[in-house]
Amino acid sequence: MSTQLRLVTPRHKNRSVPVRPANAELVVAGIPNVAEVKRLMKAAQHGRYGHRDATLILVAFRHGLRAAEICDLEWSQVEFGRSASLHVRRVKNGKPSVHPLRGDEIRALRELRRQFPDSGFVFATEQGGPFTPDAVNRLIKRIGERAGLAFPVHCHMLRHACGYALANAGHDTRALQDWLGHRSIQHTVRYTELSPTRFKDFWRE
């Protein structure tokens with residue numbers, strides 16, 4: 001007795017394994033990631049004071065500055081010497097610190113000083129005086145809308161973006177605490193507890 005064979009349509013579907021996004025693309029709800037901060041900077045450059053605004057976003061993000069710290073930032077806190085650095089004065093009883101300045105920041109700040117030579121403040125208004133925190137937040141919100149981000153952006157979100165970006169890069173909690181000027185480490189663990197590199201060296205031989 002011969003057996004009849006027939007083709008059977010498979011019921012399963014081939015599914016691709018999801019690819020984990022790069023650290024720069026990791027999403028924390030309502031916080032811009034590194035790629036989105038770059039979009040903000042690019043959108044800022046198309047404004048009337050494009051270089052100033054893009055530099056403001058860069059410095060605020062890199063150094064985790066609050067709105068009031070951006071407004072109060074003076075040229076006396078910037079050193080352009082061999083070891084270029086930013087002397088960060090924190091509000092809210094935060095710990096002051098000295099941060100290194102990277103090449104792109106140095107170039108941007110030098111150009112900014114050329115554009116606003118008469119102001120003692122790093123980020124000056126059209127009249128040459130300092131911004132208010134509300135004005136900085138309104139400025140960043142408008143830039144976020146131009147950049148087409150899916151959520152409204154304000155200055156403190158750049159500070160959070162800094163924390164998450166450094167944590168995702170593998171920096172430890174204590175170093176991150178000092179960078180952001182937190183008196184209590186409890187304010188810092190929110191960034192490292194979500195870091196994909198937090199346990200990367202556990203049980204490594």
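Using the working numbering, you'd call the opening residue of the sequence shown number 1 and step up by one each time. Every residue gets a Cβ at the ideal spot worked out from N, C-alpha and C, and that includes glycine.
Secondary structure at residue 165, three-state DSSP: helix, strand or coil?
-> Helix at residue 165.
Residue from 172, 179, 40 and 151 whose Cα sits closest to the Cα of residue 63 | 179
Are residue 88 and residue 97 touching if we call contact CB-CB under 7 Å?
-> yes
Touch test, the segment 130-150 against the segment 76-85, Cβ-Cβ under 8 Å, three pairs minimum = The segment 130-150 is not in contact with the segment 76-85.
Sufficient close CB pairs (3 or more, under 8 Å) joining the segment 151-159 to the segment 171-178 = no
Taking residue 73 as the reference, which of 190, 192, 136 and 41 has the closest Cα?
-> Closest by alpha carbon: 136.
Range covered by the alpha helix (DSSP H) that runs through residue 51 = 50-63
Give the secondary structure of residue 133 by DSSP, where H, G and I count as helix, E and B as strand, and everything else as coil.
-> Of the three classes helix, strand and coil, the one that applies to residue 133 here is helix, per DSSP.
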